[in-house]
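At position 177 of the sequence shown (counting the first as 1) the number is 177 in full-length UniProt numbering, and the numbers step up by one without a gap.
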Amino acid sequence: MVAGGLCLRFEVQGKGLCRRYANIESMQARSTVLLYILHDWHVVDAVYRTLFPPLFASFSSVVALLLTWKRHAANAANTNNAMVEVLVEPCGQEAIILDNGCKLNDNPTEHLVRSDRCDLILEQSNLSPIQQFYNGQSIFITGGTGFVGKLLIEKLLRECPGISFIYLLVRPKKGKDMHQRIEEIFDDPLFGKVKEKQPKFRHQIVAIAGDCGQPGLGISPADRQTITREVSIVFHVAATVRFDEKMKLAVPINVRSPKDVMDLCKEISYLKAFIHVSTAYANCTRTHIEEKVYEAPIDGDKLATIVEYMDEKLIEEITPRLLGAWPNTYTYTKAVAEGIIVKQAGDLPVGIFRPGIVISTYQEPVRGWIDNLYGPTGVAAGAGTGVLRSIHCDGSIEANVVPGDLTVNALIACAWDVANRRKMLKIYKKIHKFMDVLNYFSIHEWKFSNDNIKELLNKMTEEDRENFACDITDIDWDQYFRTYIRGIRMYLIKDPLDTLPKARIKWQRLYWTHQVVKLILGYALLRICWLTLSLLFRNCIPQFA
Numbered sequence: 001m002v003a004g005g006l007c008l009r010f011e012v013q014g015k016g017l018c019r020r021y022a023n024i025e026s027m028q029a030r031s032t033v034l035l036y037i038l039h040d041w042h043v044v045d046a047v048y049r050t051l052f053p054p055l056f057a058s059f060s061s062v063v064a065l066l067l068t069w070k071r072h073a074a075n076a077a078n079t080n081n082a083m084v085e086v087l088v089e090p091c092g093q094e095a096i097i098l099d100n101g102c103k104l105n106d107n108p109t110e111h112l113v114r115s116d117r118c119d120l121i122l123e124q125s126n127l128s129p130i131q132q133f134y135n136g137q138s139i140f141i142t143g144g145t146g147f148v149g150k151l152l153i154e155k156l157l158r159e160c161p162g163i164s165f166i167y168l169l170v171r172p173k174k175g176k177d178m179h180q181r182i183e184e185i186f187d188d189p190l191f192g193k194v195k196e197k198q199p200k201f202r203h204q205i206v207a208i209a210g211d212c213g214q215p216g217l218g219i220s221p222a223d224r225q226t227i228t229r230e231v232s233i234v235f236h237v238a239a240t241v242r243f244d245e246k247m248k249l250a251v252p253i254n255v256r257s258p259k260d261v262m263d264l265c266k267e268i269s270y271l272k273a274f275i276h277v278s279t280a281y282a283n284c285t286r287t288h289i290e291e292k293v294y295e296a297p298i299d300g301d302k303l304a305t306i307v308e309y310m311d312e313k314l315i316e317e318i319t320p321r322l323l324g325a326w327p328n329t330y331t332y333t334k335a336v337a338e339g340i341i342v343k344q345a346g347d348l349p350v351g352i353f354r355p356g357i358v359i360s361t362y363q364e365p366v367r368g369w370i371d372n373l374y375g376p377t378g379v380a381a382g383a384g385t386g387v388l389r390s391i392h393c394d395g396s397i398e399a400n401v402v403p404g405d406l407t408v409n410a411l412i413a414c415a416w417d418v419a420n421r422r423k424m425l426k427i428y429k430k431i432h433k434f435m436d437v438l439n440y441f442s443i444h445e446w447k448f449s450n451d452n453i454k455e456l457l458n459k460m461t462e463e464d465r466e467n468f469a470c471d472i473t474d475i476d477w478d479q480y481f482r483t484y485i486r487g488i489r490m491y492l493i494k495d496p497l498d499t500l501p502k503a504r505i506k507w508q509r510l511y512w513t514h515q516v517v518k519l520i521l522g523y524a525l526l527r528i529c530w531l532t533l534s535l536l537f538r539n540c541i542p543q544f545a
């Protein structure tokens, strides 16, 4: 083999290694190419690891994309291509594109085209470093049906269109299968810009049946093999974010599933980055939280075993003792999960991402978009609808909130950074309960170190800072919170903006009515006090006379 050459593999009956010459007229650079027909790709992998170690880093950076061409080439083979199930694999940085509308250029790594018949790497020279990193990669995402997961998928599709496939772990829910849930996701206004920019983006989405609450993520052996063969970047976003979730449910999802994802990552052939999404409040028992992993309150495997084999009623009884200084099961299990990540990481390129309180989008793709009532959003919605009249909080402390779009931008950039470093190991009935679980966070304040994020910003180019903006110092917070409240109105309460003029008139009427009522009540109260004091004064004067 020649460094920078090409390896073409054909899926054929039988095993072993053979070679033949084939004439491919569509190739502009050469008319005859040596084809290595390999049953096992790892033969080439082993050879290049041994003989060409300097080239292996660049070689592995594009292999994940080229592995995914199998499906498209196979479709072509069923029509007008004599070659059956062609799988193009690179040996170095150079690549050659077969016919069916895909042309070979003088420098294939700098300019490859996209056609309706095959998905290829985009023009490298026009891509930012982060876009180049994601170009040609396949990504596995858990929690893609959640708030952050949706934003992550949308951003990747819109800003990194060169992505080969996004594999989404989806479980059936409320009588809907995974395909119906996927359709509901993409019917959301959130994906409007993607549909305009990438009308055929749906072919990049692959649904994987599974459940983070089940052992091994509930993934079938066939799907597991697909992921380990084709995926190179993993985002574990899935979690149960209810503060008061029962241990019996919180531990399998928040503690065991990160370990299951880690086990999956260990089987991935060309893993570039694995990002575990935690929370800035995982270590909320401390007032100053640095960007390091603290000792877990309990070993994750031990906790998982306790919860699995112990009676649920008994678990509920011992939960307060397990939590200790942690205010709820959410932060507790997140802290335990971080310990598991560190314990299992080994030499894997792993990063732990700790966002603050994630609320609506700041600017993109839709201003103020939100799809849940968790945390401060529930407070804002309750106050806005008149359901919530008061809240126990300290008005002098700052809330560590962050817009959803900036969160996923930083998340995307973190995977790029980790890969480069490869070292970082119904309402009223629930109001009281809802506010009770929030009290801990509304009356305490923390200081979070963010030196790593600052360093990440310094590493990013100006183009990447614009495309993947994650610097919260650039936010106009007054304007953002106006957008935030408007987003709650539009996307949660489902009250369109065209009702705003009438709503403002109604609000003004209610406001002044409220003021008048207060004045009347205040006057009545003062009058009663005056009459009472006057009566007492008159009764007391004769006694002193």
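Using N, Cα and C, we set each Cβ at its ideal position, and we do this for glycine too. What you are looking at is a predicted structure, and each value in this text was computed from that prediction instead of being measured.
A straight-line Cα-Cα distance of about 10 Å links GLU455 and ASP417. Below 8 Å, too few C-beta pairs join the region 192 to 207 and the region 239 to 246 to call them touching: fewer than three.
Each residue's CA atom was taken as its position, placing ALA503 and ILE453 some 41 Å apart. Close CB contacts of ALA209 within its chain, under the 6 Å cut and outside five residues either way in sequence, are with MET178 (chain order). For the 8 Å CB-CB criterion, LEU411 and ILE275 form a contact. VAL251 has its alpha-carbon roughly 6 Å from the corresponding atom of THR333. For THR142, DSSP records a beta bridge to HIS236. Within the same chain, and ignoring the five residues on either side of SER449 in sequence, the residues whose Cβ sits closer than 8 Å to its Cβ are HIS288, ILE289, GLU290, GLU291. Cα atoms of PRO129 and ALA280: separation of roughly 27 Å, rounded to the nearest angstrom.
In this structure, DSSP gives LEU168 an extended state, which the three-state scheme calls strand. In summary, TYR491 is buried, with 16 or more beta-carbon neighbours lying within 10 Å of its beta-carbon over all protein chains present.
By the Cβ neighbour-count rule, SER278 is buried, with 16 or more other Cβ atoms within 10 Å of its own. Contact check for VAL402 against PRO355 passes: the beta carbons are separated by less than 8 Å. Counting C-beta pairs with one atom in each stretch, the region 377 to 387 and the region 330 to 345 have fewer than three that are closer than 8 Å, which means they do not touch. Our two residues, LEU151 and LYS176, have alpha carbons roughly 22 Å apart in a direct line. Ranked by how close their Cα comes to the Cα of GLY324, the residues PRO258, GLN132, ALA296, ILE493 have ALA296 in first place. A distance below 8 Å separates the beta carbons of VAL366 and LEU190. Following the DSSP letters along the chain, one finds ALA380 inside the alpha helix (DSSP H) bounded by residues 376 to 384. Put simply, the backbone Cα of PRO501 is about 24 Å away from that of VAL517. The DSSP-derived three-state label of HIS276 is strand. Burial state of TYR270 is buried, judged by a 10 Å Cβ sphere holding 16 or more other Cβ atoms. A straight-line Cα-Cα distance of about 15 Å links SER442 and THR331. When secondary structure is reduced to three states using DSSP, GLY136 falls in the coil class, being assigned neither helix nor strand.
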